[in-house]
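A.B. asks: Below is one structure. I have some questions about it.
Chains as they are written, first to last, in the numbering used here: chain A, 2 to 104; chain B, 12 to 195.
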């Protein structure tokens, strides 16, 4: 087995490999960014990802949140109307008895 | 020139020192990569990446080990990380998992029968555990002594001995199963 694998070994490499390595090093120097930029970039990506997950989580937990808010707002407005005794003002639109019943 | 002196020269961007270091080690690293990936083109690409990495991080070499050991460690890590990425890629795109290295692996000094046996050995080596594969590659392709392999793999000489022994045993057993006789 060793004899066979010894025959399989690489005996020479691409003669231009060293030049390729040097050009890769030069490329690296040109495109490399400072460490603080990398850290800031990674942190912002991480934060955005966390926010996305949080939003998704709240959406899944409270899918009808908007409806609940609307209902609450309507109730507040209705209660205010009742408190201010302005129910008579609506009598031109609805019968006063009906409005009092709903109260 | 000592390892630290050489490293210092490379750090000081002495092109001749880096060329000397490259010429001394290129075949060793190429064989390590080839022994792990079994594709000459990929191995050559990896050698390039490894030497770029060495050049960029030579400032971290403190002389606690030999420069060649340090280089082997970088090479091994880079190759393992390539194999890991390749595994994920072949899992995600199974249709593109076609061996493209066949043409580049043509060896004119070998008979067809020998080539077939070598391809079989490659397949069997790929089935070994990662540690066994690393140890057997460093032992056979790089002809390193077990002590140096232990330093590179950061384990004891006895563990390396066991890894190589088990790897050889598995290869022999699997080759026997497929061919009905051993690959000598």
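Every residue gets a Cβ at the ideal spot worked out from N, C-alpha and C, and that includes glycine.
Check each residue of the stretch 6-27 of chain A: if its Cβ is closer than 7 Å to any Cβ of chain B, include it; give the result in chain order.
C.D. replies: Flagged, chain order: 6, 8, 9, 10, 11, 14, 15, 18, 19, 21, 22, 25, 26.
A.B. asks: Beta carbon of residue 21/B, beta carbon of residue 69/B: below 8 Å?
C.D. replies: The answer is yes: Cβ separation under 8 Å.
A.B. asks: Report the option in 180/B, 40/B, 160/B, 186/B whose CA atom is closest to the CA atom of residue 76/B.
C.D. replies: Cα-wise, what sits closest to residue 76/B is 160/B.
A.B. asks: Looking only at its chain, what residues have a beta carbon closer than 7 Å to the beta carbon of residue 153/B, apart from the 5 residues adjacent to it on each side?
C.D. replies: Closer than 7 Å at Cβ, skipping near neighbours: 39, 42, 43.
A.B. asks: With distance defined between alpha-carbon atoms, name the residue in 67/B, 158/B, 48/B nearest to residue 30/A.
C.D. replies: Ranking 67/B, 158/B, 48/B by Cα distance to residue 30/A puts 67/B first.
A.B. asks: Could you tell me the boundaries of the alpha helix (DSSP H) in which residue 46/B lies?
C.D. replies: Counting along the chain, the alpha helix (DSSP H) containing residue 46/B begins and ends at 26-48.
A.B. asks: For residue 95/B, count neighbouring Cβ atoms within 10 angstroms of its own Cβ and tell me buried if that reaches 16, exposed if not.
C.D. replies: When all chains shown are included, residue 95/B counts as exposed.
A.B. asks: Just the Cα atoms here: how many angstroms apart are residue 23/A and residue 28/B?
C.D. replies: The straight-line gap from Cα to Cα measures roughly 13 Å.
A.B. asks: Should residue 196/B be labelled buried (16 or more other beta-carbon atoms within 10 Å of its own) or exposed?
C.D. replies: Chain B is shown only over 12 to 195; residue 196/B falls outside these bounds and no answer can be derived.
A.B. asks: Could you tell me how far apart the beta carbons of residue 14/A and residue 55/B are, in whole angstroms, since I believe they sit closer than 8 Å?
C.D. replies: Right, their Cβ atoms sit about 6 Å apart.
A.B. asks: Which class does residue 98/A belong to by DSSP, given the choice of helix, strand or coil?
C.D. replies: Helix, per DSSP.
A.B. asks: Using 8 Å for Cβ pairs, my map puts residue 82/B next to residue 36/B. What's the rounded Cβ distance?
C.D. replies: Indeed they touch by this definition, with Cβ atoms about 6 Å apart.
A.B. asks: Going by the beta-carbon positions, is the gap between residue 143/B and residue 174/B smaller than 8 Å?
C.D. replies: Yes, the Cβ-Cβ distance between residue 143/B and residue 174/B is below 8 Å.
A.B. asks: Following the continuous alpha helix (DSSP H) through residue 10/A, name the residue where it begins and the one where it ends.
C.D. replies: Careful: residue 10/A lies outside any alpha helix (DSSP H) and carries neither H nor E.
A.B. asks: Exposed or buried, what is residue 171/B when buried is set at 16 or more other beta-carbons lying within 10 Å of its beta-carbon?
C.D. replies: Buried is the call here.
A.B. asks: Identify the continuous alpha helix (DSSP H) that holds residue 13/B and give its terminal residues.
C.D. replies: Premise fails: residue 13/B is in no alpha helix (DSSP H) and is neither H nor E.
A.B. asks: Beta-carbon of residue 177/B versus every beta-carbon of chain A: anything under 8 Å?
C.D. replies: Chain A, which has no Cβ nearer than 8 Å to the Cβ of residue 177/B, makes this no.
A.B. asks: Whose CA, out of 74/B, 80/B, 88/B, 135/B, lies closest to the CA of residue 57/B?
C.D. replies: Per the Cα distances, 88/B.
A.B. asks: Residues of chain B with a CB under 7 Å from the CB of residue 3/A: which are they?
C.D. replies: The answer, in chain order, is 151.
A.B. asks: In or out: residue 3/B buried (at least 16 other Cβ within 10 Å) or exposed?
C.D. replies: No answer is possible for residue 3/B: it lies beyond the span of chain B, which begins at 12 and ends at 195.
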